[in-house]
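Q:
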Amino acid sequence: MRIIGLKDHEVDAALRSAGLGLSVSEARSIAESLGRDPTIPELFSYDTMWSEHCSYKSSRATLNEFLHTEGPNVVQGPEEDAGIVAIDDEWCVVIAHESHNHPSQILPNEGAATGIGGIVRDVNCMGAKVVATADPLRFGDPYGKDKNHVRWVAEGVVDGIWQYGNALGVPIIAGDVVFDDSFDSNCLVNVVAVGVVKRGEIIKSRAPAGAGEKGYDVIVVGKPTDSSGFGGVTFASEELREEDEEANRGAIQIPDPFLKNVLFKANEALFQLTRQEGIVIGFKDLGGGGFTCASSEMGASAGYGMDLDLDLLHKASEDLPPEVVACAETQERFMLICPPELTPRALKIYNEDWDLPNVYEGARASVVGKVTTDGRYVTRYRGEVTCNVSIQHLTGGIRYDREERPRVVELEEPEISAPEDLTEILLKILGSPNVSSREHIYRYYDTEVQGNTVIRPGEADAGLIAPVRDEKFGIALSVDSNPFYGRISPYWAGATAVAEAMRNVAAVGAYPATLTDCLNFGNPEKPEAFWEFRECVRGLADAAKALWLKGYEETPVPIVSGNVSFYNESPDGAVDPSPIIACVGLIDDVRDAVTMELKRAGDSVYLIGPRFDELGGSEYYRTVHGVTGKNVPIVRFELERNMIYAVIDSIAKKLVISAHDISNGGLGATAAEMALAGRSDLGLELDLDAAGSDLPADRLVFSESSGFLLECREGGEEELEELLKGYGLDIMKIGIVSSSPELVMTCKGRTVLLMDLSTAKKGWTAGLSEAMR
Amino acid sequence: MKIAVIQFPGTNCEHETLVAARSSGLSGELFRWNRPAEELSAFDGYIIPGGFSYQDRLRAGAIASKEPVMDALREEAERGKPIIGICNGFQILTESGLLPGLGGINVALASNVMVSKGEIVRRGFYCAWTTLRTETPARRCSGSFILNKGDLVSMPLAHAEGNLVTADEDLMERLNEEDQIVFRYCDEGGRVEREFPVNVNGSLESIAGICNPEGNVLGLMPHPERSSFAWQLPPTDSAKSAGDMTAPGPGRRIFESMKRYIEVMR
Chain R
1 MRIIGLKDHE
11 VDAALRSAGL
21 GLSVSEARSI
31 AESLGRDPTI
41 PELFSYDTMW
51 SEHCSYKSSR
61 ATLNEFLHTE
71 GPNVVQGPEE
81 DAGIVAIDDE
91 WCVVIAHESH
101 NHPSQILPNE
111 GAATGIGGIV
121 RDVNCMGAKV
131 VATADPLRFG
141 DPYGKDKNHV
151 RWVAEGVVDG
161 IWQYGNALGV
171 PIIAGDVVFD
181 DSFDSNCLVN
191 VVAVGVVKRG
201 EIIKSRAPAG
211 AGEKGYDVIV
221 VGKPTDSSGF
231 GGVTFASEEL
241 REEDEEANRG
251 AIQIPDPFLK
261 NVLFKANEAL
271 FQLTRQEGIV
281 IGFKDLGGGG
291 FTCASSEMGA
301 SAGYGMDLDL
311 DLLHKASEDL
321 PPEVVACAET
331 QERFMLICPP
341 ELTPRALKIY
351 NEDWDLPNVY
361 EGARASVVGK
371 VTTDGRYVTR
381 YRGEVTCNVS
391 IQHLTGGIRY
401 DREERPRVVE
411 LEEPEISAPE
421 DLTEILLKIL
431 GSPNVSSREH
441 IYRYYDTEVQ
451 GNTVIRPGEA
461 DAGLIAPVRD
471 EKFGIALSVD
481 SNPFYGRISP
491 YWAGATAVAE
501 AMRNVAAVGA
511 YPATLTDCLN
521 FGNPEKPEAF
531 WEFRECVRGL
541 ADAAKALWLK
551 GYEETPVPIV
561 SGNVSFYNES
571 PDGAVDPSPI
581 IACVGLIDDV
591 RDAVTMELKR
601 AGDSVYLIGP
611 RFDELGGSEY
621 YRTVHGVTGK
631 NVPIVRFELE
641 RNMIYAVIDS
651 IAKKLVISAH
661 DISNGGLGAT
671 AAEMALAGRS
681 DLGLELDLDA
691 AGSDLPADRL
701 VFSESSGFLL
711 ECREGGEEEL
721 EELLKGYGLD
731 IMKIGIVSSS
741 PELVMTCKGR
751 TVLLMDLSTA
761 KKGWTAGLSE
771 AMR
Chain P
1 MKIAVIQFPG
11 TNCEHETLVA
21 ARSSGLSGEL
31 FRWNRPAEEL
41 SAFDGYIIPG
51 GFSYQDRLRA
61 GAIASKEPVM
71 DALREEAERG
81 KPIIGICNGF
91 QILTESGLLP
101 GLGGINVALA
111 SNVMVSKGEI
121 VRRGFYCAWT
131 TLRTETPARR
141 CSGSFILNKG
151 DLVSMPLAHA
161 EGNLVTADED
171 LMERLNEEDQ
181 IVFRYCDEGG
191 RVEREFPVNV
201 NGSLESIAGI
211 CNPEGNVLGL
221 MPHPERSSFA
231 WQLPPTDSAK
241 SAGDMTAPGP
251 GRRIFESMKR
261 YIEVMR
C-alpha cells in the first residue's frame with residue numbers, strides 16, 4: 001500500500017478503506033522502519049500487534065508505575081499468557097483474567113463463550129490443568145430505557161457461559177453480576193480462569209533456547225483457520241457505535257467447547273510425552289491477533305525470527321487472503337514449537353490418537369514453518385513473501401503518553417431522616433437486582449464437574465476447590481468491583497475492589513495469595529477517562545501494597561495477571577470505572593474452610609469493622625432513595641489488614657464457624673444472607689448498640705463500610721475476643737443465632753427491624769430472575 | 001476387578017469417575033473410544049461417564065451410541081458384566097437401546113422442563129444437589145447392589161437433557177412391574193414429588209435412574225462421582241468435615257455396589 005509521498009488525508013483514506021485501525025503517524029513510522037511502502041498483510045500484522053488490546057500502548061506506563069507484580073510466592077509474573085504463584089514446594093496455581101466486552105454486547109452468546117474459550121487456553125498453554133473459572137458480569141439497567149436490549153444481552157451472556165463452560169468440563173465457582181445504567185450499551189463480560197501445575201512442569205509461551213539455531217518446527221494445532229474474528233483486537237480497541245454493528249459482527253469469533261475439550265486432552269498427552277522425555281517445548285494459544293500475534297511473540301520473546309508458510313496452515317477454505325489467514329481469530333487453536341525429532345510423535349497425538357480430522361472437519365496439527373536466527377518475521381503465501389519485517393519492531397509496539405484530567409462531578413449527600421422501621425427497606429434491598437440471590441444464574445453453571453468443588457456459589461463469599469487428589473490444599477476464588485463507587489471515586493473503587501476480593505477469600509478461611517486486575521474503562525484518548533484509569537490503578541495498587549501478603553510484612557499481595565479494556569464507551573457515554581479484581585486465596589486443608597450460613601442456635605455473633613457514615617453509592621441510597629451520594633466507603637489500610645488477618649486466623653483456630661463479609665446492602669444484607677443461605681430455620685437477634693456507634697439506625701444498618709459478621713463456635717468467645725484484641729480490633733458482640741426464622745434488630749432499646757425469613761426469601765430468590773426475565 | 005471408563009470425544013467426567021471407582025476398591029483405566037474394541041473384553045465392568053460426547057450433535061448420546069465400542073459393550077452386557085452410564089452415559093445407553101433393554105429405543109432423555117403448580121418455571125441446564133430414593137431391593141441392579149429399597153443417596157446433578165419421556169403408553173407400567181426403576185428424585189425426607197424443584201427436570205414419575213431387565217446395566221442422570229468423598233458434600237450436611245480426605249460420601253455406594261456385583265457374579 002502506498003504511504004510514502006502521500007498526504008496525510010490520502011493515507012488516512014487508504015487506511016480506512018482497507019479496514020485498518022492504524023493512525024496515519026503509525027503507518028508512516030512503519031514505512032520509515034521498513035524503508036519502503038508496506039504490503040497489505042504487513043499493515044494488518046502491525047494493525048493487530050499495535051492495537052491497544054495487544055500492545056497496551058496507552059496503559060503500559062501506568063501499570064509499570066503502580067503495580068507490584070513480584071513477590072516471594074511469584075513463579076511467573078504478567079509477561080506470559082497467565083501468571084503463576086506457588087502453593088507449596090511442589091504445586092502452583094495459574095491464573096489469567098480478561099475481558100470480552102465488545103463481542104458480548106454485539107453477539108452475547110458467542111461473545112461470552114469465546115471469552116471463556118480464550119481465557120482457558122491462556123491457562124492450559126502454561127502446561128496447567130484448568131480447574132476453575134469465574135465470571136464477573138456488568139449489565140445495563142434491567143428496568144431502564146433500554147431494558148429489553150439489556151435483558152437480551154444478559155440472557156445471551158449467561159447462556160454463552162454455561163453452554164461453553166459446562167461442555168468444556170471446567171467448573172464455574174465464582175462470579176458476580178451488577179446492573180447499572182452505565183452499561184446499557186456496553187456490557188462488561190470478564191472471565192477468570194485458574195489452573196494447577198507442578199513447578200517443574202511449567203511450559204513457556206516462547207521458542208525454547210536453541211530453537212533458532214536448531215531450526216525447531218512451528219506447528220499449529222486445532223480448528224482450521226477461517227475468517228472469523230478477523231479484526232477482533234482492533235474492534236476491541238474502538239468505541240462501540242450502533243451503525244458499525246453489522247460490520248463488527250464479523251470480528252467476533254465462533255466458539256467450540258467440544259473441540260476444545262478434545263484439544264485439552266491431546267495437549268495433556270503431549271505435555272506428558274515431553275515431561276517423560278525431558279524435551280523443552282514452547283506452547284501458546286492463538287487468541288487476540290491470531291496466528292500473527294502468537295508466532296511473532298513466541299519468536300520475539302526468545303530473540304529469534306520466524307519463517308512461516310501460510311500455505312501449510314490448515315484452513316477452512318483456500319480462498320482466504322493472506323492477511324485474513326494471518327490475523328483471523330479462529331478459536332480453538334494452539335501453537336507448538338518443538339525440536340524436529342518430536343514432530344512426528346506430536347502430530348500423531350493430535351491427528352491419530354485424538355483423531356482431530358475425524359472429530360472435527362478440517363481440524364488437525366500442521367507444521368507451518370521454522371524458527372530462525374535472523375530476527376525477521378517472514379510469512380509466505382502462494383509462492384510470494386507476504387510479510388518480511390523486523391520481529392522486534394513488530395512486537396515492540398508503540399507507547400503513548402495520554403493526557404489526564406480529573407473528571408469533575410457534582411456530588412452531594414442527601415438529607416434523609418431516619419425511618420422508624422427498617423424492615424421494608426431491607427426487604428426492598430434484598431429483592432433488588434444487585435443484592436438478591438444469584439441462584440437464578442448459577443444453577444445454569446456446572447459448579448461440580450471435575451469433582452473438586454468444596455464450596456459452591458451461594459454458600460460463601462468465595463468458591464473453593466480441592467484441585468489435586470491426595471492433597472488437602474484448597475484454592476479459593478472471588479471477584480469484585482463496585483461501579484457505583486467508581487462513579488464517585490475511581491481511586492476508592494480500585495482500593496475497595498482489592499479489599500473486598502481479599503475479604504471474600506478470607507471469609508472462607510483462605511489467605512489472599514495473588515490478585516488479577518481487569519481494568520474496564522472508556523476511551524483513553526479522552527483525558528477524563530484516562531484519569532479515571534490512572535486513579536483506579538493507583539487505588540488498587542495502594543491497597544495491594546498496604547494489605548500485605550500474609551506471613552510477609554510490608555510485602556504487597558502480587559498482581560500476576562490482568563488485562564486493560566479501554567473504549568468501553570458508546571455515544572451515550574463511558575461505563576462507570578470498573579477495575580474488576582479477582583483474588584486467589586489458599587488454604588492448607590479444605591476441611592477447615594467455613595461457609596456463610598448460620599450453624600447453630602445460641603451461638604454468639606460478632607461484628608468486625610466499625611460502621612462509618614459511608615453510604616455513597618450504597619444500595620440504600622440508590623435503591624431506596626434514588627441518589628448516589630458522596631461519602632464512598634474507603635479502605636483504612638491498617639484496620640482492613642487486621643480484620644482480614646484476624647478472620648483468617650480465627651477460622652484456622654476453629655473459633656469461627658460461619659463468616660460473611662459486609663459489602664452491598666451493608667450489615668443488614670449481610671445478616672439476612674447468613675440466615676437465608678442455609679435451611680432458613682435459624683434466625684438472628686442483633687443489638688445494634690453493640691456496634692458502639694452514634695450513627696442513626698438506618699446508616700448503621702446500611703452503611704457499606706468494610707467488615708465481617710462472624711458466628712463464634714460455642715464456648716470459643718473468650719479465645720476469639722483475645723484474638724481480635726491481639727489485632728487491635730474492637731470487640732462488638734452484636735447478637736446471637738436464634739431458633740426462630742426471623743431477623744430482629746434492636747437499637748437503643750427499640751426494635752427497628754423485624755423480618756420474617758420466609759417472606760424475605762421469596763423476594764430475595766425472585767429478584768434476579770425477575771430482572772432477567 | 002478392573003473396570004474401563006469409556007472416553008468419547010467430548011466426555012468430561014472421566015477422571016473424577018475413575019478416582020471415585022478406585023476409592024471403592026475397584027481398579028481401572030480410561031479407555032479411549034478409538035482403541036481396538038476387542039480390548040474391552042479384558043475388563044470386568046464398564047462406566048460411561050458424563051460429558052457432551054460428540055457435542056450432543058443430533059441428540060445427546062446419539063452419535064456415541066453408534067460407535068463400534070458400543071457394539072462391543074453390548075456383547076459384554078449380554079455376558080452379564082455390569083455397565084453404569086452416568087448423565088451423558090445414561091443418554092448413550094438409552095440411544096443405544098441398552099436401556100431399558102426391551103428391544104429398540106423405548107425412552108428418551110429430553111430437554112429439562114421445570115414445572116411448578118402447573119406452570120413451566122424454568123428450562124435448560126440445571127446444576128444442584130438432589131436426593132435419590134432407591135426403588136428396588138438390594139441385589140436387583142449392579143449399580144445399587146448394596147442399596148436397600150428406600151435408601152436415600154444424595155449427589156449433584158448437572159444436565160440440560162435428563163427429562164425421561166416415552167411414547168410407549170405401557171412402558172411405565174412394565175418398568176414398575178419389572179423393578180427397572182432404580183432411583184427416583186425425592187426431597188431430603190425421602191418424599192417423591194412430581195413437581196420442581198423435587199422432580200428437577202420433569203421426568204416421568206420423577207425417574208432418576210433405570211436398569212435393564214437383567215439388572216446389570218444401570219443409567220442415572222445424577223453424578224455419584226461428585227459425591228464419593230465426604231468433603232464434596234454441601235455445607236449443610238454434617239458429614240462434610242468428618243474424617244480425612246478419603247472419608248466416603250454417599251455416592252461411593254454406587255461404585256461399591258458395582259464392585260460387590262462383580263465379586264458375586266463371577
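Quick note, the sequences are listed as chains R and P, same order.
Under my numbering, the residues of the first sequence are numbered 1 to 773, in order.
Under my numbering, the residues of the second sequence are numbered 1 to 266, in order.
Each residue gets a CB set at the ideal place from its N, CA and C atoms; glycine is no exception.
Owing to the predicted nature of the structure, the values given are computational and were not obtained by experimental measurement.
If you check the beta carbons only, do Ala86 (chain R) and Asn101 (chain R) fall under 7 Å apart?
A: No, the Cβ-Cβ distance between Ala86 (chain R) and Asn101 (chain R) is not below 7 Å.
Q: Measure the Cβ-Cβ separation of Ser51 (chain R) and Val189 (chain R) and say whether it is below 7 Å.
A: Contact: no.
Q: Determine the contact status of Gly282 (chain R) and Pro357 (chain R), defining contact as a CB-CB distance below 7 Å.
A: Going by C-beta atoms, Gly282 (chain R) is not nearer than 7 Å to Pro357 (chain R).
Q: Considering only the beta carbon of each residue, do Ala476 (chain R) and Val647 (chain R) sit closer than 7 Å?
A: For Ala476 (chain R) and Val647 (chain R), no; Cβs fall outside 7 Å.
Q: When you compare the CB positions of Trp162 (chain R) and Tyr442 (chain R), do they come within less than 7 Å of one another, or not?
A: Not closer than 7 Å, so no.
Q: Can Thr692 (chain R) and Val605 (chain R) be called in contact, C-beta distance under 7 Å?
A: As written in the sequence, residue 692 (chain R) is Gly, which differs from the Thr given in the question. Contact: no.
Q: Say whether the stretch 607-624 of chain R touches the stretch 423-433 of chain R, bearing in mind that this needs 3 or more beta-carbon pairs closer than 8 Å, one atom from each stretch.
A: Yes: at least three Cβ pairs fall under 8 Å.
Q: Using only the alpha-carbon positions, how far apart do Pro110 (chain P) and Pro414 (chain R) sit?
A: According to the sequence provided, residue 110 (chain P) is Ala. The question's Pro does not apply to it. Spanning the two alpha carbons is a distance of roughly 54 Å.
Q: Can you give me the Cβ contacts of Glu673 (chain R) inside the same chain, cut-off strictly under 7 Å, excluding the 5 residues immediately before and after it?
A: For Glu673 (chain R), where only same-chain residues beyond five positions count, the Cβ hits under 7 Å are Met596 and His660.
Q: Give every residue of the same chain whose Cβ lies closer than 7 Å to the Cβ of Glu412 (chain R), excluding the five residues on either side of it in the sequence, and list them in chain order.
A: Counting only Cβ-Cβ distances below 7 Å, and skipping sequence neighbours, we find Lys630.
Q: Where do the ends of the beta strand (DSSP E) carrying Gln7 (chain P) lie?
A: It spans Lys2 to Gln7 - the beta strand (DSSP E) in which Gln7 (chain P) sits, taken as one unbroken run.
Q: Does any C-beta atom of chain P lie closer than 7 Å to the C-beta of Ala167 (chain R)?
A: So, interface residue.
Q: Under a three-way DSSP split, which group does Cys387 (chain R) fall into?
A: In this structure, Cys387 (chain R) counts as strand in the three-state DSSP scheme.
Q: From the DSSP output, in three-state form, read off Gly375 (chain R) for me.
A: Reduced to three states, the DSSP call for Gly375 (chain R) is coil.
Q: What do you get for Asn112 (chain P), buried or exposed, if any count of 16 or more other CB atoms within 10 angstroms of its CB means buried?
A: Result: buried.
Q: Which residues share a DSSP beta bridge with Pro400 (chain R)?
A: In the sequence as presented, Pro is not what sits at residue 400 (chain R); that position holds Tyr. Bridge partners of Tyr400 (chain R): none, in fact.
Q: For Glu361 (chain R) and Lys315 (chain R), I'd like the C-alpha separation in whole angstroms.
A: C-alpha separation (whole angstroms): 10 Å.
Q: In angstroms, rounded to a whole number, what distance separates the CA positions of Thr628 (chain R) and Thr292 (chain R)?
A: Each residue's Cα considered, the two are about 46 Å apart.
Q: Taking contact to mean at least 3 C-beta pairs separated by less than 8 Å, is the stretch 139-146 of chain P in contact with the stretch 210-220 of chain P?
A: With the cut-off at 8 Å, the stretch 139-146 of chain P and the stretch 210-220 of chain P touch.
Q: Strictly under 7 Å for the Cβ-Cβ distance: is Gln331 (chain R) near chain P by that measure?
A: No, no contact with chain P.
Q: For the alpha helix (DSSP H) holding Asp56 (chain P), just list the boundary residues, first then last.
A: Per DSSP, Asp56 (chain P) belongs to no alpha helix (DSSP H) and is neither H nor E.
Q: By the DSSP assignment, the alpha helix (DSSP H) with Gly539 (chain R) in it spans what residues?
A: Element bounds for Gly539 (chain R): Pro527 to Ala546.
Q: From Thr11 (chain P) to Ile210 (chain P), what does the alpha carbon distance come to, in whole angstroms?
A: Cα-Cα distance, rounded: 21 Å.
Q: Is the Cβ of Asp446 (chain R) closer than 7 Å to any Cβ of chain P?
A: At least one chain P Cβ lies under 7 Å of Asp446 (chain R).
Q: Quick one: which chain A residues come within Cβ less than 7 Å of Ser241 (chain P)?
A: Note that chain A does not occur in the displayed structure, where the protein chains are R and P.
Q: In angstroms with no decimal places, state the Cα-to-Cα distance between Tyr698 (chain R) and Ala418 (chain R).
A: Note on residue identity: the sequence assigns Asp, not Tyr, to residue 698 (chain R). Their backbone Cα atoms lie some 6 Å apart in a straight line.
Q: May I ask you to list the residues that DSSP assigns as paired with Glu711 (chain R)?
A: Bridge partners of Glu711 (chain R): R:Val605 and R:Ser658.
Q: Asp309 (chain R) by DSSP, collapsed to three states: which one?
A: Correct three-state label for Asp309 (chain R): strand.
Q: At 8 Å on the CB atoms, spell out the chain P contacts of Val262 (chain R), in chain order.
A: The contacting residues are Pro9 and Gly10.
Q: So, Gly451 (chain R) versus Glu225 (chain P), is the Cβ gap smaller than 7 Å?
A: Yes, these two residues count as a Cβ contact at 7 Å.
Q: Put Val468 (chain R) into one of helix, strand or coil per three-state DSSP.
A: Correct three-state label for Val468 (chain R): coil.
Q: Roughly how many angstroms separate the alpha carbons of Ala374 (chain R) and Lys214 (chain R), rounded to a whole number?
A: In the sequence on display, residue 374 (chain R) carries Asp and not Ala. Roughly 13 Å separates the two Cα atoms.
Q: Using a Cβ-Cβ cut-off of less than 9 Å, list which residues of the stretch 454-477 of chain R approach chain P; keep chain order.
A: Cβ contacts with chain P come from Val454, Ile455, Arg456, Glu459, Ala460, Ala466, Arg469, Asp470, Glu471 and Lys472.
Q: Keeping to the same chain, check which residues put their C-beta closer than 6 Å to that of Gly271 (chain R); ignore five residues upstream and five downstream.
A: This sequence places Phe at residue 271 (chain R); Gly is not what is there. Around Phe271 (chain R): Gly127.
Q: Since Phe708 (chain R) meets chain P, which of its residues come closer than 7 Å, beta carbon to beta carbon?
A: Result: empty, since nearest Cβ-Cβ is about 17 Å, beyond 7 Å.
Q: By the DSSP assignment, the beta strand (DSSP E) with Ile644 (chain R) in it spans what residues?
A: First-last for Ile644 (chain R): Phe637 to Ala652, but that is the alpha helix (DSSP H), not the beta strand (DSSP E).
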